[in-house]
Structure formats: structure tokens, C-alpha cells
Amino acid sequence: MLGVTAPSELSHHELVARAAASLTERPGRRLEPEDLRRAAVAVLLVDRGGLCRVPLIVRGHDAPVHGGQIALPGGRVEPDDVDIAATARREAMEELGVPFEASRVLGTLDDVPTPTGFLITPVVAVLGGDVPFTPDPREVQAWFEVSVSLFADRSTAEIVGDREWRGHRYILRAYRHQESRIWGATARILEELAERVAGAT
376 MLGVTAPSEL SHHELVARAA ASLTERPGRR LEPEDLRRAA VAVLLVDRGG LCRVPLIVRG
436 HDAPVHGGQI ALPGGRVEPD DVDIAATARR EAMEELGVPF EASRVLGTLD DVPTPTGFLI
496 TPVVAVLGGD VPFTPDPREV QAWFEVSVSL FADRSTAEIV GDREWRGHRY ILRAYRHQES
556 RIWGATARIL EELAERVAGA T
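376 is the number of the first residue of the sequence shown in my numbering; add one for each residue after it.
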């Protein structure tokens, strides 16, 4: 692990501290949306008995966008959102029932463009384990939680292809969690988080 402690060995407190320090030192890179639609996702660092877990949702197959896909809670920026963090918090509230003020925002990861025409800003926030989730069945078919460590060792990932966006090429990887296959923008976002807290191999 590049000489650092793997995320699986970090307590929730230590992982949050490392994420906060990294996001303060190097805030996420912003891209110009141009013809892309602005969106945000909530990367919630939840305390589960001293360990850190990130909730993911499975969108309903009849969802208007990304039906059936595994994703971080999120959606497009609305006119009433005061900033990008407000978008992520609102979406976490609408999809998982997380009270708007229950999370503490640490910062943002790099913007992620998608082939479906969105420019996603990942908003990293801390959430206590005592906050219950009440998913909206109209938007969320199921939900589960993953460890950041899953995305730290890229040698375990399945290579599913590559993409190029305005001259920048990136590799698409898929990660297995029980019966779920996590890939695309969600995997790329969690890979960056893993890199920031412990490096990646």
C-alpha cells in the first residue's frame, strides 16, 4: 500500500481526519460544464461501530436516469440549491432520508464527467451512525454500505474498458461487493477517496 496504512485498518475517526486534511490541502478539481449538466453526489462517511462505511443505492429500474444502477445518492443541481454541497445534501435527504443538517461537509473530490452528459461533483461529508436511513421507494430499490478499502487495491478490480474526455483518458474498473458490481462514475469517485486517505496499488 505505498507505505501507508490501508483504509481497512483505519478507524472512522482516522479516515475522516485524513480525508479532511487532504481535501483542505488540495480541494477537488473543478471542470467547466459547457454542454454538460451539473450534478452532485453525497459521499457519506458513516460511523459504524468505529469503522467507516459509505452508503450506496440501487436505483429503481423505472428511474428516469440511470435506472437499475448502483450509485452514490445524488442528482442534478436545482435552481434553489445555494451551492453544490446543498445539492448533495438535498439528494441524500430525498433518496435516503438523511436530515439536511445531519451531515458535516469536509470538501469536494474532483469533478467527474459522464457519458450520459452529466458533470458530477462528489461532496464528502461525515455522518454519525445514529442517523437512520429511510429510503424513498420511488427512487431507491435497495441500499447497502461499502468500505473505502474495497477501492484501494486496484489489482483486485475488473478492467471494463476506457474512456476519453477532452483529451483525458481514464480506465474503467469494476469492484465486487457480495453480489453487487460497482463501476463507472461511482467507482472512480471512491477510488479517488481511497487514494486520498491511503494511496492505491
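Ideal Cβ placement from N, Cα and C applies to all residues, glycine included. Please read all numbers here as calculations on a predicted model, not as lab measurements.
| Query | Result |
| --- | --- |
| Nearest neighbour of ARG464, chosen from VAL457, ASP455 and PHE475 [CA to CA] | PHE475 |
| Close Cβ partners of GLU566 (< 6 angstroms) along its chain, the five nearest in sequence each way excluded | PHE526 |
| Straight-line Cα distance separating ILE432 from PHE519 | 7 angstroms |
| Inter-residue CB distance, ARG404 and ASP486 (contact presumed, cutoff 8 angstroms) | 6 angstroms |
| Proximity winner among PRO408, ILE445, ARG479 and ARG401, relative to SER555 (alpha-carbon distances) | ILE445 |
| Contact under 8 angstroms by Cβ, ARG434 with GLU514 | yes |
| Rounded distance between the beta-carbons of ARG413 and LEU494, thought under 8 angstroms | 6 angstroms |
| ILE445 - partner residues in DSSP beta bridges | VAL433 |
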